[in-house]
Amino acid sequence: MSMNVQAGNTTVISIAYTGQDAVTTTAEEMAKQAGASFPLAARIAGGAGEAFDFAAWFAAWTASQGFEEDAPLPTHLKVEAVDTFEAVIPWEQLRDAAVQYALDGAPLPKGGPVRLYVPHGSSECLNVKSVIAFKFIHDEAKRGEVSYGFKQTFSADELRLKR
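Residue 111 in my numbering sits at position 73 of the sequence shown; the count goes up by one each step and never skips.
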């Protein structure tokens, strides 16, 4: 389950991998882990702010979690936004994906804590703002399938948190 948790002024982002417990991080920690950032405009026409390469971050994150270097890649990435928007993106479409984490050196004033841009995605709806959860999925039966939209079902725990 993901939730929008504040740690001071920093929103915590949930990261989960199939079969593993979720861990939390921040946009700043993700950017540091990715190793290098770049102007978003270098990858997304008209983009503003600072971003990091999703693939570079994923490689560093999996290494930090003790995953084997030759472990199979996920088939999909599911992202969840604070407004209950969700997108399930086939791994192949994440080529050149960028994660925007700052604007002029400061946390995103709008669309944060991070925003995912998928330049080779099959839909503009795969560019998701206000991402609070990344979930890595292995589902060979659905390889290549895309889905996106606002969450329609909620668990009892999620409903209790919304009060």
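Even glycine gets a Cβ: it sits at the ideal position worked out from N, Cα and C.
Distance check for residue j and residue i, CA to CA, integer angstroms please.
i: residue 134; j: residue 155; result: 9 angstroms
i: residue 171; j: residue 112; result: 16 angstroms
i: residue 120; j: residue 126; result: 15 angstroms
i: residue 107; j: residue 95; result: 14 angstroms
i: residue 159; j: residue 74; result: 23 angstroms
i: residue 130; j: residue 180; result: 13 angstroms
i: residue 66; j: residue 124; result: 22 angstroms
i: residue 136; j: residue 194; result: 34 angstroms
i: residue 145; j: residue 138; result: 10 angstroms
Can you check which of these residues, the options, is closest to residue i by C-alpha distance?
i: residue 18; options: 74, 52 and 73; result: Nothing can be reported for residue 18, as the shown portion of the chain is limited to 39 through 201.
i: residue 115; options: 88, 177 and 109; result: 177
i: residue 62; options: 89, 103, 81 and 85; result: 103
Tell me, please, which residues DSSP counts as bridged to residue i.
i: residue 166; result: 154
i: residue 187; result: 124
Assuming residue i and residue j make a contact with CB atoms under 8 angstroms, what is their CB distance in whole Å?
i: residue 56; j: residue 175; result: 6 angstroms
i: residue 169; j: residue 152; result: 5 angstroms
Taking DSSP as the reference, what is the three-state secondary structure of residue i?
i: residue 138; result: strand
i: residue 56; result: coil
i: residue 78; result: helix
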